Amino acid sequence: MTETRQRPLRVLAAMSGGVDSAVAAARAAEAGHDVTGVHLALSANPQSFRTGARGCCTIEDSRDARRAADVIGIPFYVWDLAERFREDVVEDFVAEYEAGRTPNPCLRCNEKIKFAALLDKALALGFDAVCTGHYATVVLREDGTRELHRASDMAKDQSYVLGVLDERQLAHAMFPLGDTLTTKDEIRAEAERRGLAVAKKPDSHDICFIADGDTQGFLAGRLGRAEGDIVDESGAKVGTHDGAYGFTIGQRKGLRIGRPAPDGKPRYVLDISPVNNTVTVGPAEALEVSALTAVKPRWCGTAPSGPGTYTAQLRAHGGETEVSAELVDGELRVAFTEPVRGVAPGQAIVLYDGTRVVGSATIAATTRRQSHVTA
Amino acid sequence: MAYLDHAATTPMLPEAIEAMTAQLAVTGNASSLHAAGRRARRTVEEAREALAEALGARPSEVVLTSGGTEADNLAVKGLYWARRAADPRRNRVLACPVEHHAVLDAVDWLAEHEGANVEYLPVDSYGRVHPEAFREAVERDPSDVAFATVMWANNEIGTVMPVRELADIAAEFGIPLHSDAVQAVGQLDVGFAASGLAAMTVSGHKIGGPYGIGALLLGREYTPVPVLHGGGQERHVRSGTLDVPAVAAFAVAGRLAAERREDFAREIGALRDRLVGAVLDAVPDAILGGDPDDRLPANAHFTFPGCEGDSLLLLLDAQGIECSTGSACTAGVAQPSHVLLATGTDPDLARGTLRFSLGHTSTVEDVEAVAKAIGPAVERARTAGLS
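Chains as they are written, first to last, in full-length UniProt numbering: chain G, 1 to 375; chain E, 1 to 387.
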């Protein structure tokens, strides 16, 4: 189970302008591949400069990526995928929130943009693979099939947001940072050693197309304010909100409920109902989920035939939990060994067998110990 | 390597490099009064005389600038401000829509910040401004026209403009006409005095001279309001210490461009025709941009239906063929060319363009490399499609 690609490939390196993708491109070039850098312009109206540590769509980022490509000594282009990104990622993001779900746009971007629109164009132009700065490992097995595994360093692992890739996409994916058992500081040191000026650039966080990090404000701008009730489990009104779409199941902050709960404990968002624009809140215990169903399953390899036991990850940077899962009529039925809290419909569940990514699906409904929630 | 992007910049001529390097070790500010200053001034003035002779102008009409962009800005803004100051009714600017951005954006800036009423002249499918259309625009109200600007030849599609006829019409109404001749020098006869222009932009690095040097040829009766204020150099319209080595080398390149122009135009035109023939043979549905006959002899521009120009660029670059899509970038993203859009080209079609521009180092081998590579590249780019 080692990376055995030795043949020089024509590689298209997606370069965000950040340190990870720059080092990834440099490593691919150093490994002897014929690398071309490409920066994806994902915003129709790019900002000139980054504000704080956010975003990856500014003109400055594009220049940083170009500068890194020049230092590595590879050709560099900017490809305009703003329209595809808007349709497949931004609009999907807004529609999902509008429907009361909590989407993961990074996952959607990997599925629809980096390893679809970009990969398809790369393959058509004669490239063999797309290289990114993700921390995950592709393993080429002796039978020629490929597996996606967690990064060597679990703390940096990003296999969750790549869990949507199928085997064909994996066959053309290259993650040179995946076998890195080093800290981020060491990646920065490597960038420094390679003469890459992005070595000291802050990490990007949050959602790249919401430059100021204000997701609520972004959604309010897109969907308008729609005042509604916040109710408790009994249906009694405990507060008001400016739009049900602005909430995530398990959310505690920002509820602005004046009156404390009778038991004095914090209350969490239990349910979001876009139809009657109502947000239901309750105690932490009420968040506990014993099972879920997930739709649109995607498998990294062949789909499992019968029920199986896996570990599951339910959100980016989330922990692992043991589940049993089975594919029934195209839907994934998942039962948790121990109840888990804060499972939000719209997020992906990624199933693992050890370090290997088995597949993923989008959470559609959860079963609480008390009730059943669909959003 | 096949370098076919001479319209972006062309290699410096050995004679120009020699003139420049010789001056780099010499001290002297051409504005100083002492011996070192006098020596520098003599170099500058001899260079000015050589440039004037090469461009059919008087030495006093050569206003040295940092390049074509600055010369264009000085002409556009300076003439507008001066003409409007003389008569506040003059706020109309007649501009050609296929200009380089150095003119286009300066004109748009006047509209946004200085109350200019910018009127874009109609162009035909070759991107040419017709004298009748210009006359019609002027005659609607000659008294409110601040100035007009029409390039000598288009940098993307190569079409040559009827500059002398346009200048005659402008002169009839006492309206100054500026022309950006950056691409025309060395390929066409651009004699300034004979042109009847009020102002004409030229650039060093497009003719085998150094970067960062250019000139605005400026009729003696015009005093544009300066864009750069300072020491009062260059007739008080362009302040700044002169770059003596660059000026000296620019003059050598200008002289050689004039001396060699006829032979160069004939030879490069033949090579260009060969390239056009080869591309059309390999890709029969490619469309030659610009006027097929009355065009810059070193320019070949094509539209490849169903292709992204960027994809073609990448594929050719990978084979050592260096050319351009011809259009400007916004944040590095290629936009459909404003030139093609102005000629009425469909926006999707306008994305699949390539400009090959030849120059003094171009060879038959360069053309053969394109002939061999272009067919497969177009085929592949079509598979990748329009994203």
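Even for Gly, the Cβ is constructed at its ideal location relative to N, Cα and C.
Only a predicted model underlies this, so the values are computations on that prediction, with no experimental measurement involved.
Residue-level contact to chain E via CB, residue i, 8 Å cutoff
i: residue 262(G); result: no
i: residue 125(G); result: yes
i: residue 75(G); result: yes
i: residue 49(G); result: Any answer about residue 49(G) is weak, because its pLDDT of 49 lies below 50 and its placement is not dependable; what the coordinates show is given next. Chain E contact via Cβ: absent.
i: residue 376(G); result: Only positions 1 to 375 of chain G appear in this structure, which leaves residue 376(G) out of reach.
i: residue 80(G); result: yes
i: residue 36(G); result: yes
i: residue 1(G); result: Here residue 1(G) scores only 39 on pLDDT, less than 50, and its place in the model is too uncertain to base an answer on.
i: residue 72(G); result: no
i: residue 236(G); result: no
i: residue 197(G); result: no
i: residue 14(G); result: no
i: residue 9(G); result: no
i: residue 55(G); result: Reliability fails at residue 55(G), whose pLDDT of 46 lies under 50, so the model's placement of it is uncertain and no value is given.
i: residue 41(G); result: yes
Proximity below 8 Å, CB of residue i to CB of residue j
i: residue 164(G); j: residue 96(G); result: no
i: residue 104(E); j: residue 93(E); result: no
i: residue 138(G); j: residue 109(G); result: no
i: residue 389(E); j: residue 246(E); result: What the structure shows of chain E is the stretch from 1 to 387, and residue 389(E) is not part of that stretch, so it cannot be assessed.
i: residue 29(G); j: residue 35(G); result: yes
i: residue 208(E); j: residue 170(E); result: no
i: residue 217(E); j: residue 55(E); result: yes
i: residue 257(G); j: residue 231(G); result: no
i: residue 173(G); j: residue 150(G); result: no
i: residue 226(G); j: residue 295(G); result: no
i: residue 348(G); j: residue 107(G); result: yes
i: residue 377(E); j: residue 315(E); result: yes
i: residue 19(E); j: residue 194(E); result: no
i: residue 89(E); j: residue 186(E); result: no
i: residue 73(E); j: residue 144(E); result: no
i: residue 303(E); j: residue 232(E); result: no
i: residue 142(E); j: residue 123(E); result: no
i: residue 290(E); j: residue 154(E); result: yes
i: residue 314(G); j: residue 366(G); result: no
i: residue 268(E); j: residue 362(E); result: yes
i: residue 68(G); j: residue 198(G); result: yes
i: residue 79(E); j: residue 224(E); result: yes
Burial state of residue i (16 or more Cβ within 10 Å)
i: residue 33(E); result: exposed
i: residue 308(E); result: buried
i: residue 323(G); result: buried
i: residue 366(E); result: buried
i: residue 292(E); result: exposed
i: residue 42(E); result: exposed
i: residue 240(G); result: exposed
i: residue 1(E); result: exposed
i: residue 4(G); result: Here the model assigns residue 4(G) a pLDDT of 48, short of 50, so the residue's position is not dependable, and the following value carries that caveat. Exposed, by the Cβ-count rule.
i: residue 343(G); result: buried
i: residue 16(G); result: buried
Chain G contact for residue i (CB, 8 Å cutoff)
i: residue 314(E); result: yes
i: residue 108(E); result: no
i: residue 372(E); result: no
i: residue 32(E); result: no
i: residue 310(E); result: yes
Opposing strand residues paired with residue i [DSSP bridges]
i: residue 353(E); result: 303(E)
i: residue 131(G); result: 13(G), 174(G)
i: residue 33(G); result: Answer by DSSP bridge pairing: none, since residue 33(G) is not bridged.
i: residue 299(G); result: 359(G)
i: residue 324(G); result: 309(G), 335(G)
i: residue 350(G); result: 313(G), 360(G)
i: residue 65(E); result: 214(E)
i: residue 76(G); result: 37(G)
i: residue 178(E); result: 149(E), 199(E)
i: residue 239(G); result: 230(G)
i: residue 282(G); result: 268(G)
i: residue 119(E); result: 94(E)
Within-8 Å CB hit, residue i to chain B
i: residue 28(G); result: You won't find chain B in this structure, because its protein chains are G and E.
- [ ] Residues of the region 353 to 387 of chain E with a CB closer than 8 Å to any CB of chain G: list them in chain order, please.
- [x] 380, 381, 383, 384, 385, 387
TODO: With 7 Å as the C-beta to C-beta threshold (strictly closer), list the residues of the region 199 to 215 of chain E near chain G in chain order.
DONE: Taking 7 Å as the Cβ-Cβ cut-off against chain G, none of the residues of the region 199 to 215 of chain E qualify.
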